[in-house]
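Structure first, commentary second.
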Amino acid sequence: MALAWQSPAYLERQRLLDLLPQEPGFAVWLEAPAGFGKSVLAGQLSARLGLRTLWASALLGPPKNLLAKALGLPEEVPWGAVVEALKSEPTLVVLEDLTGKEGLSPLLRTLPALVVLASRKPLPYPELPKLLAEGRLVHLKASHLAFTLEEAEALFAGTEGFEEAHRATGGWPLPLFLSALTGNPPEPKALLQGLRESLSPGEFQEGLLLAALPHLPPSLARQETESLFQKGLLRRLPEGYTLHPLLKEMARKSLLKEVQRAVRQAAGRLPPALLAEAYWEAGLKGELLSLLESPITLPIPAERLLQWQDLLRQGGPRAHLRLGEALAQCGRKEGLALLTELAESPEDPALALTAMGHLAFYLSETLLGRDLPRARAYLERGLALLPKVSPELAGRFLNDAARVPFEEGRPEEAARLLEEALRHLPPESPYRIAPLSNLALLRFELKGAFRERIEALEEALGLMERHIPQNLAGHLRDLGRLHLLLGQRERARGYLERASQTPGHPLASLEAKMLLAHMDKDAETLARLVAQAELWENAYLVERGRALLAELRGDPGLLEGLSGFFPSLTRALLRKDPGLLPPYPGNLEERLLWHAARYRLLGGEEDLKALLTLTDVGEGLLPDLLPLEALPRKRPELARAYPLLEVLRSGWKEAIALRLPEIPPLRVQVLGRFQVEHPLGPVTLKGKAREVFALMLLGLPREEVAFALWPDVTEEAALNNLYVWLARLRKVLEPWGVPTYLGEEGLMRVEADLSALEEALQRGQAERVLELYREPLFPGLDHPLLDRKREEVFHRVRALFLKRAEPHFLERLLELDPLDEEALLPLSASYLARGQRARALRLLERYRKRLWEELGEKPSSKVEALIKSLQG
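With our numbering applied, the sequence shown corresponds to residues -3 to 868, in that order.
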């Protein structure tokens, strides 16, 4: 009767069984925590081999005594008697629950049976490293025993949920099996108790701490951390180590007091922001509030602080300061009210100045409705407080407040404030990143120093990630926008995707998502993002998003009632009316967009000149600002900055000729399939065109190609025929009309898999040959010259693989020719050397059967003798 599900006992672990030896004289060591299927795998090995099997658990007594009893011997006999009895017939010995104190050295030195050792911890026996070095021991750990995604799918037998269960358990077999069986998470107490018994006290304590952490940075890892990872209980992500979600949930539910104790003990080990996360996840809200009240830097993302806002509102001034900034950063005006109250605090100048800096900055932005007079007032009041605070705090205020004169159109004053901020901030202060980046922005605005600004932003990324992660999303968004202007769409995408996923500045992340949706021409997603901006009541993002959406849909009606820069610019372009352009803007990015729109509408030389001279990158900005077809045809050099494929598709021969060295080689595959691909995509070659191309790929001169294809006509007629086909070939290989791949001497600038294969053969690179070689060579073509090439290449591949004589090369030869006895015999020998007797016998018997069925012949005496010896 078919079962609706399969247990691990019935899900054969073929992947693992193929790694295991199958005869006495070899050993297997399965080292993993409880629930990793060690017994199941041993049982499957026993079922496959059909040997006498003796099974013993160290929990029930000394393994020697248990084996002696199973063999009909007195329990007190020495190991020598047990070893001799095991030799009497082929035996599989499975020893479970080992701790390393069982005295197994006599058994491991002689290996009279196929021995399987199962332990939860490392075993100290000195024989194990020696056996491993000799190739007589297979050592599998938790990482090997964990189920792959494909095995999890088989375990669930077609029911849904296997991906989620695999992700939650990390492939841990026992909870995965229970989840497949019941549809529910496994019983936590039993699994946690099993883990407690499997781990050292230090490892278990480390696991409890990780149950309260999103991740543990590699720099904070200990030996116990690495040990947990090696045992398959942790994942190692780029940001650090993390406990499997299932174990986290179990520990926090069943061992909360122990988790809390582990977090308290780690308070001096964890950086403040990570400690705050641990306090929250462990339910230690009192400790978290005390930490948030401390006068220390806590780089916690604004979105996370808003999740804690009920707790923060219960705190004092510093908790309110953190909450006020987080609310303002997320575009919520209630944050301004909290900051305003704190700015009036005369008893704490440092607190008041910090609040004033935030107010000056956020009141200068469009996010919360710009109020420059009020922002200027906080700037002036803050300047009077500078002598009363530390230099670092003064520098941070000056950096924030510099936003006020910048938005007022006073860049020189903004630069003076930023330079003063740098004079206040100590050389080692991470807060120097912001004024340095802002000065680069000013030079960008005043002098068009485009590259300098990008370099400053990119240089600051690492420091910002470590010290001011709450500003990272906006930083990444700015880099994405700048690379977009440069037409570097893939680099822009990378920065924008990071910005969209980086916590700390949700409005910057939202803008990044809008730009990504626009890049992907995904109007549906963009419309949802605009709706989110409307919920935030953020005028700038609503206008930016609506303008992008109107452009995608070609619908100026979406801009009704909006009068900002971006809606006005998009409206003018969609209605093709220069009279609808907005007033000339103040900031450089908008000026570039304004000139580009005006040039597209009017084609004026002065606008094109402005685009080329406003920044230090000149024509580098054109691809994102102007379509290629808008460029004047008398200036093909301006197309150098546009994507090469776009220029090729345009058919603008003068521009293509200037880019000829950049055109990638023609990619050709003739091993296993016939495919030709130029930069614009696959090329279809049929009939005689394919034959001409194939013979030219062999390097034959034109005269020989003509004679080989038309041997029955005169030389002149044959060459004329060839020229006709070459002209047809040129049209499909070089559709842009500029000679690229077909030269007077034949093919040029070609990257062919056949050439790569011949180079690997020449160098004796067997692994590379194994990767490349596929049959047939030149599929679908029939010509004596090609037949000769096929035979030559095959014999060179075969000679190399036989010379190397490693199993995977020999297996490939038998795939190519199942009756190749020269590959069969050494492959059988390699299986036997690894203790895989049954596998060798199956291989030889398949060969004998196929030889008889296909040729009516019997194997050689060597093969027959080997089969007979293995059957006996």
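C-beta atoms are modelled at their ideal positions from N, C-alpha and C, and glycine is treated no differently.
Going by the beta-carbon positions, is the gap between arginine 449 and phenylalanine 440 smaller than 9 Å? In the sequence shown, residue 449 corresponds to position 453, counting from 1. In the sequence shown, residue 440 corresponds to position 444, counting from 1. Result yes, Cβ atoms of arginine 449 and phenylalanine 440 sit closer than 9 Å.
Within the same chain, show all residues whose beta-carbon is closer than 7 Å to that of lysine 630, passing over the 5 residues directly before and after it, in chain order. Mapped onto the sequence shown, residue 630 falls at position 634. There are no such residues.
Nearest-angstrom Cβ-Cβ length linking valine 734 and leucine 656, presumed shorter than 8 Å: Mapped onto the sequence shown, residue 734 falls at position 738. Mapped onto the sequence shown, residue 656 falls at position 660. That pair is a contact at about 6 Å.
Out of curiosity, what's the CA-to-CA distance linking tryptophan 848 and lysine 854? Taking the first residue of the sequence shown as position 1, residue 848 is located at position 852. Taking the first residue of the sequence shown as position 1, residue 854 is located at position 858. Straight through space, the alpha carbons of lysine 854 and tryptophan 848 are spaced by roughly 6 Å.
DSSP on leucine 507, reduced to helix/strand/coil? Numbered from 1 along the sequence shown, position 511 holds the residue referred to as residue 507. Position check: residue 507 holds glutamate in this sequence, whereas leucine was assumed. Helix, per DSSP.
Straight-line gap, glutamate 860 to lysine 845 (C-alpha atoms, nearest Å): Working through the sequence shown from its first residue, we reach residue 860 at position 864. Working through the sequence shown from its first residue, we reach residue 845 at position 849. Spanning the two alpha carbons is a distance of roughly 12 Å.
Going by DSSP in three states, arginine 300 sits in which element: helix, strand or coil? Indexing the sequence shown from 1 puts residue 300 at position 304. If DSSP states are grouped into helix, strand and coil, arginine 300 belongs with the helices.
If we ignore side chains and look at the alpha-carbon of each, how far apart do glutamate 8 and glutamine 40 end up? Sequence index remark: in the sequence shown, residue 8 carries index 12 (1-based). Sequence index remark: in the sequence shown, residue 40 carries index 44 (1-based). Between the C-alpha atoms of glutamate 8 and glutamine 40 there is a straight-line separation of about 7 Å.
Name the DSSP beta bridge partners of threonine 87, please? By 1-based counting over the sequence shown, the position of residue 87 is 91. Answer is Arg48.
For aspartate 306, count the other beta carbons within 10 Å of its own beta carbon; 16 or more makes it buried, fewer makes it exposed. Which is it? In the sequence shown, counting from the first residue as 1, residue 306 sits at position 310. With fewer than 16 neighbouring CB atoms inside 10 Å of its own CB, aspartate 306 falls in the exposed class.
Reducing DSSP to helix, strand and coil, say where alanine 0 ends up. Position 4 of the sequence shown, counting from 1, holds the residue named residue 0. Note on alanine 0: pLDDT 28, under 50, position unreliable in the model; no value is reported.
Taking buried to mean at least 16 other C-beta atoms within 10 Å of its own C-beta, is serine 115 buried or exposed? Locating residue 115 in the sequence shown gives position 119, where the first residue counts as 1. So serine 115 counts as buried.
Three-state secondary structure (DSSP) at threonine 238? By one-based count along the sequence shown, residue 238 stands at place 242. Of the three classes helix, strand and coil, the one that applies to threonine 238 here is strand, per DSSP.
Report the start-end ranges of each beta strand (DSSP E) in the segment 9 to 33 that is 3 residues or longer and not cut off at the edges. Listed in chain order, the beta strand (DSSP E) runs fully inside the segment 9 to 33 are 23 to 27, counting runs of at least 3 residues.
With three or more beta-carbon pairs closer than 8 Å as the criterion, would you say the segment 712 to 720 touches the segment 609 to 625? Below 8 Å, too few C-beta pairs join the segment 712 to 720 and the segment 609 to 625 to call them touching: fewer than three.
Below 8 Å CB to CB, which residues in the same chain sit around leucine 693 once its five sequence neighbours on both sides are set aside? On the sequence shown, residue 693 is found 697 positions in, with the first residue counted as 1. Cβ contact annotation for leucine 693 (same chain, cutoff 8 Å, sequence separation greater than five): Val664, Val666, Leu743, Val746, Ala748, Leu750, in chain order.
Can you give me the C-alpha to C-alpha distance between proline 407 and arginine 377, rounded to a whole angstrom? For the purposes of this step, residue 407 is identified with residue 411 of the sequence shown, where counting begins at 1. For the purposes of this step, residue 377 is identified with residue 381 of the sequence shown, where counting begins at 1. Those two C-alpha atoms are separated by around 20 Å.
For glutamate 850, count neighbouring C-beta atoms within 10 Å of its own C-beta (all shown protein chains included) and say buried if the count is 16 or more, exposed if not. Here residue 850 is taken as the residue at index 854 of the sequence shown, counted from 1. Only exposed fits glutamate 850, as fewer than 16 other CB atoms lie within 10 angstroms of its CB.
Between Glu404, Gly391, Thr521, which lies nearest to arginine 370 when the distance is taken from Cα to Cα? As a working note, residue 370 is residue 374 in the sequence shown. Measuring from the Cα of arginine 370, the nearest candidate turns out to be Glu404.
Relative to the C-alpha of tyrosine 491, which candidate in Phe22, Leu104, Ala445, His479 has its C-alpha closest? Your numbering for residue 491 matches position 495 in the sequence shown. Here the closest residue by C-alpha is His479.
Does the distance from the CB of tyrosine 580 to the CB of arginine 587 come in under 9 Å? In the sequence shown, counting from the first residue as 1, residue 580 sits at position 584. In the sequence shown, counting from the first residue as 1, residue 587 sits at position 591. The criterion of a C-beta distance shorter than 9 Å is satisfied by tyrosine 580 and arginine 587.
Can you list, in chain order, the residues of its chain whose CB lies under 7 Å from that of arginine 485, leaving out five sequence neighbours each side? Here residue 485 refers to the residue found at position 489 of the sequence shown. Counting only residues of its own chain and dropping the five nearest sequence neighbours on each side, arginine 485 has a CB closer than 7 Å to the CB of Met515.
Reduced DSSP category for arginine 232 - H, G, I as helix; E, B as strand; rest coil: Position 236 of the sequence shown, counting from 1, holds the residue named residue 232. DSSP places arginine 232 in strand when its eight states are reduced to three.
contact_flag[the segment 416 to 430, the segment 450 to 466] where n(CB pairs < 8 Å) is 3 or more: Yes: the two stretches touch, three or more of their Cβ pairs being nearer than 8 Å.
So is arginine 11 buried or exposed if we call it buried at 16+ other beta carbons inside 10 Å? Sequence index remark: in the sequence shown, residue 11 carries index 15 (1-based). The residue is exposed, with fewer than 16 neighbouring Cβ atoms inside 10 Å.
Return the first residue and the last residue of the beta strand (DSSP E) that glutamine 665 is part of. Counted from its first residue, the sequence shown places residue 665 at position 669. 662 to 665 is the extent of the beta strand (DSSP E) around glutamine 665.
Between which residues of its own chain and tryptophan 75 is the CB-CB distance below 7 Å, once the five residues before and five after are set aside? For the purposes of this step, residue 75 is taken as the residue at position 79 of the sequence shown. The answer, listed in chain order, is Lys60, Pro102, Leu103.
Where are the beta strand (DSSP E) runs, 3 residues long or more, that stay fully inside the segment 623 to 674, in chain order? Runs of the beta strand (DSSP E) spanning 3 or more residues and lying entirely within the segment 623 to 674 occur at 662 to 665, 671 to 674, in chain order.
Suppose you measure from the CA of glycine 166 to the CA of histidine 140; what does that come to, to the nearest Å? Reading the sequence shown from its first residue, position 170 is the one you call residue 166. Reading the sequence shown from its first residue, position 144 is the one you call residue 140. Answer to the nearest angstrom: the Cα atoms are 12 Å apart.
Check whether alanine 23 and leucine 110 have beta carbons under 9 Å apart: Translated into the one-based positions of the sequence shown, residue 23 becomes position 27. Translated into the one-based positions of the sequence shown, residue 110 becomes position 114. Cβ atoms of alanine 23 and leucine 110: closer than 9 Å.
For glutamate 245 and lysine 97, the rounded distance between their alpha carbons: For this step, residue 97 is matched to residue 101 along the sequence shown. For this step, residue 245 is matched to residue 249 along the sequence shown. Computed Cα separation, rounded: 34 Å.
My guess is that valine 679 and valine 688 are in contact by the Cβ rule of under 8 Å, so how many angstroms apart are they, rounded? Reading the sequence shown from its first residue, position 683 is the one you call residue 679. Reading the sequence shown from its first residue, position 692 is the one you call residue 688. Contact doesn't hold; Cβ gap of about 13 Å is too wide.
CB contact flag (alanine 546, glycine 553, <9 Å): Looking up residue 546 in the sequence shown gives position 550. Looking up residue 553 in the sequence shown gives position 557. It is a contact, given that the beta carbons lie within the stated cut-off.
Taking just the CA atoms, how far does alanine 322 sit from leucine 335? Here residue 335 is taken as the residue at index 339 of the sequence shown, counted from 1. Here residue 322 is taken as the residue at index 326 of the sequence shown, counted from 1. Leucine 335 and alanine 322: Cα-Cα distance of roughly 11 Å.
Suppose contacts are defined by Cβ-Cβ distances below 9 Å. Is alanine 397 in contact with leucine 413 by that definition? In the sequence shown, counting from the first residue as 1, residue 397 sits at position 401. In the sequence shown, counting from the first residue as 1, residue 413 sits at position 417. Note that the C-beta distance between alanine 397 and leucine 413 is below 9 Å.
Beta-carbon proximity list for leucine 453, same chain, < 8 Å, skipping 5 on both sides: Within the sequence shown, numbered from 1, the residue matching residue 453 stands at position 457. Taken in chain order, the residues that qualify are Ser433, Ala436, His471, Asp474, Leu475, Leu478.
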